[in-house]
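Encoded as structure tokens, the structure appears first; notes follow it.
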Amino acid sequence: MITTLVLNHGPLALPAFLPDATFGVVRAVDARDLREAGVAGVVMNVFHLMQRPGSSTVAALGGLHRMAAWDGPIVTDSGGFQAYSLIRQQPGSGRLSDEGLTFRPEGAERSFKLTPEKSIQLQLAYGADIVMCLDDCTHVDAPGEEQRVAVERTIRWARRCRDEFDRQVRQRRLGAARPLLFGVVQGGGDLALRRHCVEALLELDFDGFGFGGWPLDAQGNLLHEVLRFTRALIPSHLPMHALGVGHPESVVACARMGYQLFDSALPTRDARTGRLYAFSADPATPGFRLAGHWFETVYIADNKHIKATTPIAPGCDCHTCRHYPLGYLHHLHRAGETVFLRLATIHNLRFMTRLMELLRAEGAGPQVSASGA
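Each residue of the sequence shown is one higher than the last, beginning at 44 in the numbering used here.
Written out as structure tokens, the structure is:
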């Protein structure tokens, strides 16, 4: 199994958690904060960037890396999931066809069109290190016929993405300096459709794959069977991205299935709302394992923290835990001070990067093989 991705903006040790920098920024922190927290790469989103600040502005500012003062790897999401969410939740806001997605977000002055070709063009123009194919996303509980149509469309779009990517690489004369191209596997909860999608995408010689579709069921439970089955279909030497997976327990579960890349807004959003992550004991303690009660949430608004002189988590080496006690963070949160957002985000990000370090030391990898659908 591959342990490092060699990318244009540096190596990415696997597994890796990539915080969502949706609009070109991880909310409340800057590039230096990310580096100091141990973050190796980030995910940015075509759907949002093409609206704000706009693709011409990104170009004028020198591409995503220069714009955000970030010199590490950037994965760009194609925007398919966000467009899917918008159109399916607000049918009047756009439409989905074999050609692509047309949408007009609320408050926007004009409509936007996103085709497989345009998604690839934008991602390459932005300077991404890993480019995602545009896919037709569905909810796991969508009817069977809707899932089938989405899978076939995802496969057709993947072929168009592959063709456009190869054309752009030749035109730009990127050669060995080209970014990696990932296909996205759809199929909802139907294992036969997942297998069909994987088999078709494997023929297109992608550098890696993403698990497409919402990874949770209607009750918010991780789709263990579907995720495990899908990962086992992909050769172990090809990296796989568990798109949208970010809860610490879900990350551990997926890493042990062989997923190596993770992204989510959850850890940083939880931080801003006062939900701080902590290991139940210092991971440096002999015998500590990612099993049983290894993870807990510290709710900063709890009154028990008013006079607490301890850091958020035992053994945490983040900037926040090294300098500020829980009682002070509780005060900042209750006072509505914006500095709390930064300090809390730094901590949760460092928790996630320490979790990745533990998983790498553990040698997480696939433990099962694919069986019949």
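Yeah, the Cβ is synthetic: ideal placement off N, Cα and C, and Gly gets one too.
Just how far apart, CA to CA, sit residue i and residue j?
i	j	result
I163	A404	35 Å
M93	V69	17 Å
I389	V72	7 Å
G406	G81	19 Å
G143	H284	23 Å
G358	Y367	14 Å
T197	P148	23 Å
G301	G232	19 Å
R138	G53	38 Å
T47	K350	44 Å
F252	V227	5 Å
H348	R385	19 Å
R315	E380	11 Å
R191	R199	13 Å
T145	F90	11 Å
F254	I355	33 Å
Could you pull the start and end residues of the alpha helix (DSSP H) that residue i belongs to?
i	result
L107	G106 to A111
L217	Where L217 is concerned, there is no enclosing alpha helix (DSSP H), given that its DSSP letter is neither H nor E.
F249	Element bounds for F249: n/a, residue is neither H nor E.
M395	V382 to E405
H267	H267 to L276
L244	L234 to L245
P291	P291 to A298
L259	No alpha helix (DSSP H) contains L259, which DSSP labels as neither H nor E.
Assign residue i to buried or exposed, taking buried as 16 or more other Cβ atoms, counted over all protein chains shown, within 10 Å of its Cβ.
i	result
D184	exposed
N264	exposed
S140	exposed
L217	exposed
E339	exposed
S17	Residue 17 lies beyond the residue range present for the chain, which begins at 44 and ends at 416; the question has no answer from this structure.
A64	buried
R210	exposed
H373	buried
Should residue i be counted as a contact of the ligand ZN given a C-beta to heavy atom distance under 7 Å?
i	result
S136	Questions concerning the ligand ZN fall outside what the structure shown contains, since it holds no ligand whatsoever.
Could you check where the beta strand (DSSP E) with residue i kicks off and where it finishes?
i	result
V227	L223 to V228
L304	L304 to S307
Are at least three pairs of beta-carbons, each pair with one atom in the region 146-158 and one in the region 100-111, less than 8 Å apart? Inter-segment contact for the region 146-158 and the region 100-111 is absent: fewer than three beta-carbon pairs are separated by less than 8 Å.
Contiguous alpha helix (DSSP H) assignments of at least 4 residues, all confined to the region 315-370: 362-366
Ignoring anything shorter than 4 residues or poking outside the region 94-168, list the alpha helix (DSSP H) runs there in chain order. Complete alpha helix (DSSP H) runs here, min 4: 98-103, 106-111 and 123-132.
For the region 363-382 and the region 273-290, state whether three or more C-beta atom pairs, one from each stretch, are separated by less than 8 Å. Too few Cβ pairs lie closer than 8 Å, so no.
Any contact of the region 198-208 with the region 171-180, i.e. 3+ C-beta pairs under 8 Å? Between the region 198-208 and the region 171-180 there are three or more C-beta pairs closer than 8 Å, enough to call the two in contact.
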